[in-house]
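Going by my numbering, 438 is the number at position 427 of the sequence shown; the sequence numbering is gapless.
Cβ atoms here follow ideal geometry from the backbone N, Cα and C, with glycine treated the same way.
Below you'll find the structure, written out as structure tokens, and then a few comments.
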Amino acid sequence: MEYALLCAFGLYLSALATITYFFYQKSHTQQEFMLGNRSINYVATAIAAHSSDMSIWLFMGFPGAVYLSGAHNLWLVIGLLIGMYLSWTFMAAQLRRATAQSGSVTLSEYLEHRFNDTSGSLRMVTTLCSLFFFVFYISSGLAGMGNMFESVFKIDYHLGILVSLAAAVAYTFFGGFVGIAWCDLFQGIFLVTMIVFVPVYGFFYLPNGMHDIATYAQLKSISLSLVPTSWPHFWTLFLTAAGWGLGYFGQPHILVNFMGIKDEASVPKARFVGMLWQLFTLGAAFSIGLIGIAFFPTQLTNPELVFVTMVQQLFTPFFAGLVLCAIIAAGLTTIDTQILVTASVFATDIYKQCINPRATSDQVVRMSRWGIILIPSLSYVIAATRMSSVFGLVEFAWHGLGSSFGPVLLMALYSKQITKHAALAGMITGAVVAAFWPLMGINIPPMIPAFFANLCVIIYISHFTK
């Protein structure tokens, strides 16, 4: 069984290696390596942007939550869809235009140009926030991959992390932005095909279809209603959805795809393709959880393995291995972009800005490749200790990045009255509130207070301290 699965995994990695090798010849200059010379077409941009958002959570955490607690989890899907749509609408074209005009390849560089900050303080704070939260974000992906290898391939958790890290680092190291975009296009199409195919195929294994789901849901006391049971329940669901949705305005690994699209005119088409992809993947993941309620009458020990166990029971070992490679795709499409973004920040905003201001394009690219190796090594240490759950790490990083960058970028793009001191204070406020809010024990997602604290500080300093 494990041998057939490993053969399927090897075949999948070979496909990624082929794509990476082809694009290695196109990633030599700084602009090519970090942003693909802003030449990526709308289909590749759309799939890369959305797949870099959907991690292993799509196959494990979310279906497991639906399988365990029911249909009210659809509220989270609504929040994610609205958040991503608004990000495309209010960020994509504006950020593409602004970063191209300033010649910026990172958000730190753009904000420095936008506010004409010659002190370097804004770039440094932006850089530190990025690196800090991304170390945890990358570790969440590695931890998820380690869990997957351990449960599916029976490979030691730590070895699974190393294999995942090696795969992500290898094709990011050689392929750069263009290689990642096309690898993510391949993986995104493969991912959506498999995640839609499995629940459709699995549904026909239920003798009475929806009736079986409703019957077993009732026996397990799982609600299939989308209507909250009370006002407190409604506000909990609403705040959770809003907290995750707001995060899209400040996720560098998603926004970098907006910066690399070929032209602004392609944004509406990219938005349509990307939103359609996200709708299908989230809808299919939701369906897997619902079908699992009836597919497994006896409660699974680990609800997050509902997709994995369903696939192993439905298909032959080799084909099951191919299907389960979709989980690897979900993990790698998130990790690769995050690694490239952090490496770009390391090379551009630390090495070139602070260590070697006269660095050539070749030297910056070389340093980026060193960053691709060094920074994920820190994430490996966090993932190896199993200090937190995969969801806990994702939540911490998502809220931290969204709260730090979202309000500042929105105000930078849409207001001419914002000062660099306001942007700096707002970013620090958002990062600190998001990092320490969980310690307060208040049942409100950190994104809500941190995002609006950031926004309020920016507005107050810009308008009332002149």
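query	result
If I'm right that residue 424 touches residue 109 with Cβ under 8 Å, what's the distance once you round it to whole angstroms?	6 Å
Quick check for students: name the residue ranges of the alpha helix (DSSP H) that lie wholly in the segment 74-103, counting only runs of 4 or more.	85-98
Are the segment 58-68 and the segment 108-122 in contact at 8 Å, needing three or more beta carbon pairs?	no
Spell out the partners DSSP gives residue 299 in its beta bridges.	DSSP output for residue 299 lists no bridge partner at all.
Can you pull the DSSP bridge partners for residue 272?	51
So for residue 378, helix, strand or coil by DSSP?	helix
Determine the direct distance from the alpha carbon of residue 312 to that of residue 234, and round the result to whole angstroms.	20 Å
For residue 12 and residue 316, what's the separation of their Cα atoms in angstroms?	Low confidence applies to residue 12: its pLDDT is 49, below 50, so where it sits in the model is not reliable enough to give any reading.
According to DSSP, is residue 126 helix, strand or coil?	coil
Using CA atoms only, rank isn't needed, just tell me which of 148, 285 and 132 is closest to residue 496.	Residue 496 is absent from the structure shown; the chain starts at 12 and stops at 477.
From residue 408 to residue 323, what distance separates their C-alpha atoms?	32 Å
Just the Cα atoms here: how many angstroms apart are residue 73 and residue 297?	7 Å
Taking only runs that begin and end inside the segment 352-411, name each unbroken alpha helix (DSSP H) of 4 or more residues, in chain order.	372-396
Is the segment 260-269 close to the segment 344-353, with three or more CB pairs under 8 Å?	yes
With DSSP as the reference, label residue 12 as helix, strand or coil.	Interpretation of residue 12 is limited by its pLDDT of 49, a score under 50 that renders its predicted location unreliable; no figure is taken from the coordinates.
Among 278, 243, 85 and 201, which residue has its Cα nearest to the Cα of residue 100?	278
Do residue 337 and residue 176 come within 9 Å of each other at the CB atom, strictly closer than that value?	no
On the CB-based measure, 16 or more other CB atoms within 10 Å of its CB, does residue 276 come out buried or exposed?	exposed
Quick check: the Cα distance between residue 125 and residue 179, rounded to an integer number of angstroms?	33 Å
Please go through the segment 175-242 and give each complete alpha helix (DSSP H) segment of 4 or more residues, from N-terminal end onward.	221-230
Tell whether a beta-carbon distance below 9 Å holds between residue 437 and residue 469.	yes
Quick one: measure Cβ to Cβ for residue 306 and residue 217, integer angstroms, because I've assumed they're closer than 8 Å.	7 Å
Quick one: grab the DSSP three-state call for residue 479.	With the chain covering 12 to 477 only, the question about residue 479 has no answer from this structure.
Spatial neighbours of residue 314 within its chain, please: CB distance less than 7 Å, with the 5 preceding and 5 following residues excluded, ordered by chain position.	75, 78 and 79
Is the segment 399-419 touching the segment 160-171 in the sense that three or more CB pairs, one from each, lie closer than 8 Å?	no
Please tell me whether residue 65 and residue 292 are closer than 9 Å, where the distance is taken between their beta carbons.	yes
With C-beta atoms as the reference, is residue 401 less than 9 Å away from residue 382?	no
With three or more beta-carbon pairs closer than 8 Å as the criterion, would you say the segment 202-213 touches the segment 373-382?	no
If residue 252 sits next to residue 89, beta carbons under 8 Å apart, how far is it from one beta carbon to the other, in whole angstroms?	6 Å
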